[in-house]
Each structure stands twice: as C-alpha cells, then as structure tokens.
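Structure first, commentary second.
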Amino acid sequence: MNYLDMLSRLGVGSAHPGGFSATMSQLSRFPLPAGSRVLEVGCGTGRTSCYLAKQGFDITGLDLRPEMLTKAKLRAEAEQLDVRFVEGDITALPFEAATFDIVLAESVTNFADIGRALAEYGRVLRPGGTLYDREVIATPSITEEAYREVTGFFQLNALLTEQKWIELLQASGFAEITICDRSAFVEHITDDQIAYPDMNQVMDPGTVLDASVWRTSLAHDDLIAANHDYLEHALFVARK
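Numbering-wise, the sequence shown is residues 1 to 240 according to UniProt numbering.
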C-alpha cells in the first residue's frame with residue numbers, strides 16, 4: 001500500500017505539514033478577501049474547503065481521487081454545506097483562464113509535475129490573484145540516498161529546494177513571491193488532533209484491522225525520523 005492509498009483509506013483530513021493548525025494559522029495571518037472565488041487543489045476529504053465554505057467563500061475543491069471526493073461530499077453533507085467538488089488533475093485544470101482569485105494547495109503540488117501544476121495555477125488565477133502553497137522542501141544538504149528514499153516512498157517526481165521552487169514560480173508568471181513559516185519537518189499529529197479534532201473523518205470499513213495501513217504509517221514515521229535533517233516545509237505565497 002502506498003502513502004496516498006493509506007491517506008485515502010484513513011480518510012485523513014489534514015495530512016499536510018503542520019496539519020489543520022497550520023491551515024488555521026495561515027488563514028489568520030493571510031485573511032482571504034471577502035468575496036474571493038477560491039480553488040483548493042488536491043482538496044482530499046474536503047476539510048479546508050468545507051471550513052472556507054462555512055466562512056462564506058465561493059469555494060471549489062478539486063481532487064484526482066474519486067474516493068477522496070466521495071468523503072469530501074459526505075463531509076459537506078454532514079456539515080450542511082453546499083460545496084462544489086470536481087474531479088480533475090492539477091496539471092490540466094478543468095477551468096477557464098482567470099477564473100479564481102485564490103488558489104490553495106496543501107502539500108499537493110509535490111505529488112505531480114511541479115512545473116506544469118504551477119503553470120496551471122497561474123493560468124486559472126485572475127490578474128492580481130494569489131497562490132498559497134504549503135509544501136515539503138529539501139535542504140541544500142540533502143544526500144543522494146535521502147533523496148532517493150523520500151522520493152521513492154512518496155512516489156514524487158522531484159523533491160525541490162526553496163530556490164528551485166522560486167525559479168519555477170517565476171517561470172509560471174508569479175512576480176511577487178514570499179516564503180513563510182519555513183521550519184523543520186517535524187510531525188505534531190497528536191497536538192494537532194487535540195487542538196482541532198476532525199469530527200467528520202470517514203475511514204473505509206475494515207481499515208482499523210488492515211495491517212497494511214499501519215505498516216505504511218509506521219514506514220512513513222520511520223522515513224521522516226531518519227531524514228529529518230534534510231526535510232523542511234514552507235508556505236509559498238505568490239501573486240500573479
């Protein structure tokens with residue numbers, strides 16, 4: 001079982017670095033303008049999308065995995081929200097150019113062709129629109145062995161340094177780029193769950209007794225612990 005399959009089985013709502021605590025901190029630091037039309041790419045089970053819908057935003061959540069979107073729709077129904085969820089690929093977004101004011105990504109872009117995804121974000125943003133993308137980044141000192149282990153486990157095409165992210169953002173038409181919240185990739189899952197419990201997480205039946213799920217989870221934890229010196233995460237704020 002691979003990492004994304006594990007997240008899908010568990011119905012995890014905030015698997016990105018920092019969890020939902022990081023999402024809330026970001027939205028507090030960078031309040032979205034009232035009336036913004038927002039696209040969340042890689043919305044997963046829809047936790048952030050539903051939160052923004054509850055705040056009154058026009059939100060569209062997009063994900064490649066149908067099973068994630070099914071859980072997102074169940075979440076929206078449980079929270080009595082009308083949220084638009086769309087199946088699609090972040091490297092070929094099914095939207096017209098200049099459709100959205102905001103694009104949100106929470107540790108999603110890394111799992112695709114990063115350059116193509118960033119170009120698509122820029123295409124669907126209106127002039128003056130903003131991308132908020134929180135991603136794991138490699139330190140300049142990352143070893144070849146660590147690089148292979150991390151990209152292999154997560155099935156990534158690449159694991160970029162901060163500088164390479166900046167270069168790709170600039171190449172995708174983003175003129176004003178700010179890096180925020182850069183810190184070591186340290187998991188605080190328990191703290192996050194206590195601070196922001198997910199009351200609408202939906203696990204697949206039989207997941208608790210599926211040993212392959214927990215083997216993958218343990219392998220993930222071991223990987224992060226073994227390579228923490230080479231991994232950081234950061235929030236890229238980029239304006240078109």
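For each residue, glycine too, the CB sits at the ideal point set by N, CA and C.
These numbers come from a predicted model, not from an experiment.
Thinking C-alpha only, which one of the options is nearest residue i?
i	options	result
residue 9	223, 208, 98, 52	208
residue 32	101, 61, 125, 17	101
residue 63	55, 83, 87	87
residue 162	219, 233, 225	233
residue 38	24, 51, 25, 57	57
residue 65	75, 54, 90	90
residue 138	165, 36, 117	165
Within its chain, find whatever has a CB closer than 7 Å to the CB of residue i; leave out the 5 residues flanking it on each side and keep chain order.
i	result
residue 73	85
residue 52	38, 59
Residue i by DSSP, collapsed to three states: which one?
i	result
residue 166	helix
residue 65	coil
residue 229	helix
How big is the Cα-Cα spacing for residue i and residue j?
i	j	result
residue 167	residue 205	44 Å
residue 145	residue 80	47 Å
residue 68	residue 159	24 Å
residue 29	residue 77	29 Å
residue 92	residue 136	22 Å
residue 196	residue 17	14 Å
residue 41	residue 143	30 Å
residue 213	residue 6	6 Å
residue 34	residue 203	34 Å
residue 113	residue 106	15 Å
residue 180	residue 130	14 Å
residue 126	residue 111	25 Å
residue 94	residue 173	19 Å
Once you ignore the five residues that flank residue i on each side, which residues in its own chain have a CB closer than 6 Å to its CB?
i	result
residue 178	237
Excluding five sequence neighbours on each side, which residues of the same chain lie with their C-beta closer than 8 Å to the C-beta of residue i?
i	result
residue 219	153
residue 3	153, 154, 155, 216, 220
residue 134	16, 17, 18, 22, 26, 105, 106, 107, 181, 233, 234, 235, 236
residue 24	196
Stretch pair the stretch 118-128 + the stretch 138-156: three plus CB contacts closer than 8 Å: no
Meets three-Cβ-pair contact criterion under 8 Å: the stretch 38-49 and the stretch 3-23: yes
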